[in-house]
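Encoded as structure tokens, the structure appears first; notes follow it.
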Amino acid sequence: MTQSEFQLRIQRGESFLVADDGQFLGQLTSNRFQNESVMNEYGRYGSKFSSTSIFNQYGIYGSQYSMHSPFNQYSTTPPRIFLRGMLVGYLTANKYVQSRVDPHQLYDWMRQNGL
Numbered sequence: 021m022t023q024s025e026f027q028l029r030i031q032r033g034e035s036f037l038v039a040d041d042g043q044f045l046g047q048l049t050s051n052r053f054q055n056e057s058v059m060n061e062y063g064r065y066g067s068k069f070s071s072t073s074i075f076n077q078y079g080i081y082g083s084q085y086s087m088h089s090p091f092n093q094y095s096t097t098p099p100r101i102f103l104r105g106m107l108v109g110y111l112t113a114n115k116y117v118q119s120r121v122d123p124h125q126l127y128d129w130m131r132q133n134g135l
């Protein structure tokens, strides 16, 4: 994601994930049919086969061994969570990271936040 794309998402007040390396990882919406939703299991950001999905257990952004994955319990570089254009924390299984959302509870967190 370019800096201008990032700024545009912030200005529009979108809710989304961004990897530490700058890769856009999808919109945070419980709408499973929305094209960019992390909950769209057939989409680019929700499919377990996609290279840009946190649910691809063999990929850079979903493996329990990757430093860019929310499922790596030792990662110090997990994806950032933006809620309505504001950085609110990190999506990570690392219990020592402050302002974190456990990736196993992401759907519940989205529902609690009206997404």
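Note that the working numbering has the sequence shown beginning at 21, numbered continuously upward.
Even for Gly, the Cβ is constructed at its ideal location relative to N, Cα and C.
The structure presented is a predicted model; accordingly, all values stated were derived computationally and were not measured.
- Of all the options Lys115, Ile101, Phe91, which has the alpha carbon lying nearest to the alpha carbon of glycine 46? Walking along the sequence shown from the start, residue 46 turns up at place 26. Answer by Cα proximity: Ile101.
- Task: Determine the DSSP secondary structure at phenylalanine 26, reduced to helix, strand or coil.
- Result: By 1-based counting over the sequence shown, the position of residue 26 is 6. Residue state, collapsed to three classes: helix.
- Message: Does the segment 24–32 come into contact with the segment 121–133, if we say contact requires no fewer than three beta-carbon pairs (one atom in each stretch) closer than 8 angstroms?
- Response: no
- Task: Could you tell me which uninterrupted beta strand (DSSP E) segments, each at least 3 residues in length, are contained entirely in the segment 30–116, listed from first to last along the chain?
- Result: 36–38, 44–47, 100–103, 106–111
- Message: At the level of alpha carbons, what is the spacing between proline 99 and serine 24?
- Response: If you number the sequence shown from 1, residue 99 lands on position 79. If you number the sequence shown from 1, residue 24 lands on position 4. Proline 99 and serine 24: Cα-Cα distance of roughly 19 angstroms.
- Status (buried if at least 16 other CB within 10 Å, exposed otherwise) for serine 119: As a working mapping, residue 119 is identified with position 99 in the sequence shown. Result: exposed.
- Task: Measure from the alpha carbon of glutamine 18 to the alpha carbon of each residue in Thr97, Tyr62, Met59, Asn133, then state which is nearest.
- Result: Residue 18 lies beyond the range of the chain shown here (21 to 135); nothing can be said about it.
- Query: Using a Cβ-Cβ cut-off of 6 angstroms (strictly less than) and excluding sequence neighbours within five positions of serine 89, which residues of its own chain qualify?
  - Reply: Residue mapping note: residue 89 aligns to position 69 of the sequence shown, counting from 1. These residues qualify, in order along the chain: Tyr81, Gly82, Ser83.
- Task: Please state if the CB of arginine 104 and the CB of serine 35 are separated by a distance shorter than 8 angstroms.
- Result: Start at 1 with the first residue of the sequence shown, and residue 35 comes out as number 15. Start at 1 with the first residue of the sequence shown, and residue 104 comes out as number 84. Yes, these two residues count as a Cβ contact at 8 angstroms.
- From serine 71 to glycine 63, what does the alpha carbon distance come to, in whole angstroms? Sequence index remark: in the sequence shown, residue 71 carries index 51 (1-based). Sequence index remark: in the sequence shown, residue 63 carries index 43 (1-based). Going by the C-alpha atoms only, they are around 11 angstroms apart.
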